[in-house]
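Below is one structure, written out as structure tokens; the observations come after it.
Protein chains: 2
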Amino acid sequence: MGIQERKEREKEHRREEIITAAQKVFFEKGLQTATVDEIAEVAELSKGTIYLYYKSKEDLYLAVMLRGKDILAEMFESIVAGSEPVLLKLVKLGEAYQEFFKKHTKYFRMFRFFENPQFHTQVTPEMNELCSQSNQRVWKSVIDLLQEGIDRGLIKSELKAPEAAVMLWSSSTSLMYRIDAECDRWKNMMGIDLEDVLLKTRRLMFEAILTQKGLREYQMLLQSESLQS
Amino acid sequence: MGIQERKEREKEHRREEIITAAQKVFFEKGLQTATVDEIAEVAELSKGTIYLYYKSKEDLYLAVMLRGKDILAEMFESIVAGSEPVLLKLVKLGEAYQEFFKKHTKYFRMFRFFENPQFHTQVTPEMNELCSQSNQRVWKSVIDLLQEGIDRGLIKSELKAPEAAVMLWSSSTSLMYRIDAECDRWKNMMGIDLEDVLLKTRRLMFEAILTQKGLREYQMLLQSESLQS
DNA sequence: CGTAGTAACTGACCGTAAGTCATTTATTGA
DNA sequence: TCAATAAATGACTTACGGTCAGTTACTACG
């Protein structure tokens, strides 16, 4: 019965094609301005078919967003899988997040929507569940690494690993949204380069969660890094 | 010619009534779900009249948001106007922001929309300008105070005042959005109280921007505060 | 083959809501 | 009292998300 399987594959393929079309339109126009009719046209399908594969425009939006989350998760996981010292891995995680933001700004922008409580109600429970899982996958990398840092006495033990994770994450994320939205305004009106502020914030925040031992090790890492380059 | 003036007042009054009606509906339903028809009904006016006073639903939304911004600006300004030491004022600013978030969550939630670059395009330039001014007003309090801190050698001079401002602001804001959206999730899945994390982050971030001198003064302030309570 | 049965697809249609505008109503000043 | 102006109205247009009866394409079986 290879036919069933072929059909399954084709269906999956069509789902991907639809996401690709949706991505193109959403990237260009954003959730509000994009129309399902246009997505259908780009996908060379009728609107009805789109709705056969995705229950709502919002579901489709999140399906695109999930592609972005997957990219980020893979970046994180490949860093965590490496054999460098914990602190170096953590620094790299921060750098990777910023790199993701710069390279995949359009995906990054989509992440906001899932954070909007109002948005959740317009989405099928299944898609909500998928997004939730995807989120957890990303967080897991960060939290596991921080836990290792705590266990080794490098990160302040009065912090729980998820606490430290959400601290670091938040301080970066908010600045990135700001960079995305009003980078020029800050440059012109205040003479401030927000990307620079992001770097400084990352460093300050990171050092703030380290123990004395962690700080010493971090200093040493910085030196050996600067020797290399 | 008191009639002209009376008419002017009445027009302004009507604008306020419309905002009040809009606020009620937006607070209940959010931007997406709220309809202009419903706002008109609550305001006991026809839809056409609403559009006489505000060019679009989005403009109306921002007009409501501005009320929130004004509340926040006044809270900040009354702290800055006080005669306490700079560092204490800064701490109070942070506390005030969190208090605003807790008391006026609905307004706070609206702030997000103005940060969305996609949203700006759907709004009249005049309203954009109003929002921009309102934003500046809030930032001014914080930046001025930080500048004073820098001048007095309490805050690291390698930071410019607006840089420090956006650092502090961002690290709090992002956590507040998270608290608003998924506080329970974090409590249940990780056993983490995000409000607690917010407090810790505020403290860490604040200490991270202080000089040695600033830190000493801050410690002393904490002691005299704890004596009082 | 032919044909019954099923799965995939279509696009005309529906309901809703943003925004408009010709018309009506209220107010003013002579 | 009445013309002129300002304020308010709500029926109408347009646009878009979502649906579903009908069509097409494919499969399996006689």
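Protein sequence lines correspond, in order, to chains A and B. Heads up: take any position in the first sequence, counting from 1, add 65, and you land on the working numbering. Heads up: take any position in the second sequence, counting from 1, add 65, and you land on the working numbering. Ideal Cβ placement from N, Cα and C applies to all residues, glycine included.
- At a cut-off of 9 Å between beta-carbon atoms, GLU180 of chain A makes contact with chain B.
- One thing to note: ARG132 of chain A has its Cβ no nearer than 9 Å to the Cβ of ASP245 of chain A.
- Judged by their CB atoms, TRP204 of chain B and PRO227 of chain B are nearer to each other than the 9 Å cut-off.
- Of all C-beta pairs linking the region 132–147 of chain B to the region 203–218 of chain B, three or more are shorter than 8 Å, placing the two stretches in contact.
- Only residues of its own chain outside the window of five on either side were considered, and among them VAL145, VAL151, LYS154, LEU155, LEU158 have a CB closer than 8 Å to the CB of LEU210 of chain B, listed in chain order.
- The beta carbon of TYR162 of chain B sits closer than 7 Å to the beta carbons of SER237 from its chain, once the five residues preceding and following it are set aside; these are given in chain order.
- With the criterion set as a beta carbon lying under 8 Å from some beta carbon of chain A, the members of the region 262–278 of chain B are VAL262, LYS265, THR266, LEU269, MET270, GLU272, ALA273, ILE274, in sequence order.
- Using a Cβ-Cβ cut-off of 9 Å, MET254 of chain A counts as an interface residue toward chain B, since at least one Cβ of chain B sits closer than that to its own.
- Of all C-beta pairs linking the region 207–226 of chain B to the region 263–280 of chain B, three or more are shorter than 8 Å, placing the two stretches in contact.
- In this structure, LYS76 of chain A sits away from LEU96 of chain A, with a CB-CB distance that is not shorter than 9 Å.
- Neighbours of GLN284 of chain A in chain B, taken as residues at a C-beta separation under 8 Å, are lacking, since the least C-beta distance is about 16 Å.
- Assigned with DSSP and collapsed to three states, LEU275 of chain A falls in strand.
- Note that the C-beta distance between ILE83 of chain A and LEU125 of chain A is below 9 Å.
- Taking the C-beta atoms as reference points, TYR172 of chain A is found no nearer than 9 Å to SER239 of chain B.
- Taking the beta carbon of ARG243 of chain B as reference, the chain A residues within 8 Å of it are GLU180, VAL231, SER235, listed in sequence order.
- With 16 or more other Cβ atoms from the protein chains shown falling within 10 Å of its own Cβ, SER235 of chain A counts as buried.
- A Cβ-Cβ contact shorter than 9 Å links ILE104 of chain B with ALA87 of chain B.
- In the structure shown, the three-state DSSP call for ILE68 of chain B is helix.
- Interface annotation, ALA108 of chain A: not in contact with chain B, CB-CB separation never under 9 Å.
- Secondary structure note for LEU219 of chain B: it is in no alpha helix (DSSP H), with a DSSP letter that is neither H nor E.
- Contiguous beta strand (DSSP E) elements confined to the region 175–239 of chain A do not occur, taking only those with 3 or more residues.
- Closest in C-alpha terms to GLU93 of chain B, from the list B:THR170, B:LEU219, B:LYS72, B:GLU70, comes B:THR170.
- Contact annotation for THR238 of chain A against chain B: SER239 [CB-CB distance below 7 Å, chain order].
- At least one beta carbon of chain A lies nearer than 9 Å to the beta carbon of ARG174 of chain B.
- The C-beta distance from ALA230 of chain A to ILE220 of chain A rounds to 11 Å, too long to meet the 8 Å contact threshold.
- For ASP135 of chain B, the enclosing alpha helix (DSSP H) starts and ends at 122–146.
- Judged by DSSP secondary structure, GLU109 of chain A falls outside any alpha helix (DSSP H); it is assigned neither H nor E.
- With a threshold of 9 Å between beta carbons, ALA138 of chain A makes no contact with chain B.
- Taking a contact as a CB-CB distance under 8 Å, the pair MET232 of chain B and VAL262 of chain A counts as one, their CB atoms being some 6 Å apart.
- Taken atom to atom, the span from the alpha-carbon of ALA99 of chain A to that of PHE91 of chain A is near 6 Å.
- By the C-beta density criterion, THR266 of chain A is buried, having at least 16 other C-beta atoms within 10 angstroms.
- In the DSSP annotation of this structure, GLY256 of chain A is not part of any alpha helix (DSSP H), being labelled neither H nor E.
- Per the C-alpha coordinates, the member of B:GLU149, B:GLU247, B:ASN181, B:LEU264 positioned closest to LEU286 of chain B is B:GLU149.
- Cβ neighbours of ASN193 of chain B within its own chain (closer than 7 Å, five residues either side excluded): HIS185.
- Ranked by how close their Cα comes to the Cα of LEU137 of chain A, the residues A:PHE176, A:LEU195, A:ALA273 have A:PHE176 in first place.
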